[in-house]
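Structure first, commentary second.
Numbering (the numbering used here), first residue to last: 4 to 285.
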């Protein structure tokens, strides 16, 4: 879609259709008027606008990425690896765009952040329902993370459903088992509402797949795009950590979270863990 809007008369181009009975078809599709009037500032600081809009943009990227990962999970369940890989590849580009969202906030000084931080009240990013759905799809599950959403029935129901469903990696491992690989029943039949824990047997399966790329080319390519996703999730967490350190140091986070200490712990964790550790055994 073109973002340039030259004067049709100046360019000699045919005049586009300009007269509509109601809103434009563009507005009907994009809902731009809704999007550009969702910014309700709570302070007089001019820097709050970029903080709010950047956070809203992140929420939109979370929504797209959840869509891609759910598409990939369903495709894996149906043994449609090319469809799953395409969705995961799209999500890699979307994760890159999501991670770039930190750029406008990365240079915040403590004084700049403090000028509107109080307006956030108890608001904190860990309360994001769509980000929680991302984490659940990555296998990082916790029933306690539903608690903040008890007052929003629709959101709570969506999260509760996501908590009980197989994540993206669960579907990948189930596919490996259907292909004859020795994924243990303790992994295949695990309590899906709990956080995924690494398995030596799964590590051995990935090591065998990677050691025989000619025999397992399709699965190696699946493993690599999952690894791309995992790397960008790790980068997201680290960029979040750095931006927070720069803006507020080691102070308690908004909403009573542990702030930097909590983010530091998160930044050390890899998703799809055996895809990383198996490489030492190939």
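Note that the Cβ used here is the ideal one computed from N, Cα and C, for glycine as well. Note that this is a predicted model, so its numbers are computed, not measured.
So residue i is in the alpha helix (DSSP H); what residue range does that whole segment cover?
i	result
residue 92	84–103
residue 218	Here residue 218 belongs to no alpha helix (DSSP H), and DSSP marks it neither H nor E.
residue 164	156–167
residue 31	28–33
residue 266	263–270
residue 118	113–120
Just checking my contact of residue i with residue j at CB under 8 Å: how many whole Å lie between their CB atoms?
i	j	result
residue 71	residue 100	With a Cβ gap of about 12 Å, residue 71 and residue 100 do not count as contacting.
residue 332	residue 244	Since the displayed the chain opens at 4 and closes at 285, residue 332 lies outside it and no answer follows.
residue 204	residue 185	6 Å
residue 166	residue 139	6 Å
residue 45	residue 122	3 Å
residue 242	residue 102	6 Å
residue 227	residue 76	In fact, because the Cβ distance is near 18 Å, the residues do not count as touching under 8 Å.
residue 176	residue 195	Not confirmed; about 12 Å, so no contact.
residue 145	residue 198	7 Å
residue 116	residue 251	6 Å
When the Cα of residue i is compared with those of the options, which residue comes out closest?
i	options	result
residue 106	175, 247, 284, 122	247
residue 169	73, 240, 87	73
residue 81	51, 171, 137, 44	171
residue 273	18, 232, 283, 251	232
residue 151	136, 131, 115, 140	131
residue 141	280, 275, 284	275
residue 47	136, 237, 118, 285	118
residue 179	133, 238, 83	83
residue 157	208, 253, 133	133
residue 98	53, 144, 60	60
residue 55	281, 127, 146	127
residue 207	65, 174, 29, 280	280
residue 110	283, 249, 269, 284	249
Under a three-way DSSP split, which group does residue i fall into?
i	result
residue 66	helix
residue 185	coil
residue 276	helix
residue 134	helix
residue 42	coil
residue 230	helix
residue 19	coil
residue 106	coil
residue 240	helix
residue 147	helix
residue 199	coil
residue 211	helix
residue 246	helix
residue 225	helix
residue 81	coil
residue 283	helix
residue 178	helix
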